[in-house]
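A short worksheet on the structure shown next.
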Amino acid sequence: MASWAVGTAVIKINGSISKKQYGEGACASHVHAALHAAGIHIIPPASQDAKDYGPSLLMAGFQDKGPLKEGSWVAGDVVVFPKVSGHPHGHVAIYDGVHWVSDFVQPTILANRHDYKGSSYIVYRKD
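Residue numbers (our numbering): 18 to 144.
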């Protein structure tokens, strides 16, 4: 069981979903705001890029769990993807217990099945 306000982060991230199918390219700011609402103070990376959030999450007490597979995710997990073709800033999202959410509800852990298929990712968890 997480020792931080996961429910608050989930409410915040789900309350700020874009009406666009794949969001508005604001995944990092939405995830940052959700974590902040839950009392997690993340220092954004200097680049402000989603792909660079790993060290910031580690400094906030999250642990690198590697590329966890479906079925092992828990609410509050944060996934960080590197840059891929067409997405130079990478991607970041929070698992709400059912879906991965950034600035939109994702169909899978992959924000875009075509662009991120085969891409590496790291799941971070704060216990």
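Quick reminder that beta carbons are idealized off the backbone N, C-alpha and C, glycines included. Only a predicted model underlies this, so the values are computations on that prediction, with no experimental measurement involved.
Whole angstroms are fine: how far does the CA of G103 sit from the CA of K143? Near 30 Å, if we compare the C-alpha coordinates of G103 and K143.
Whole-angstrom Cβ separation of A22 and A50, contact assumed at under 8 Å? 14 Å between Cβ atoms; not a contact.
Is it right to say V115 is buried, meaning 16 or more other beta carbons lie within 10 angstroms of its own, or is it exposed? exposed
From I126, Y141 and V140, pick the residue whose C-alpha is nearest to that of K134; which is it? I126
Close beta carbons around A45, own chain, < 6 Å, minus the five adjacent residues each side: A67 and V109
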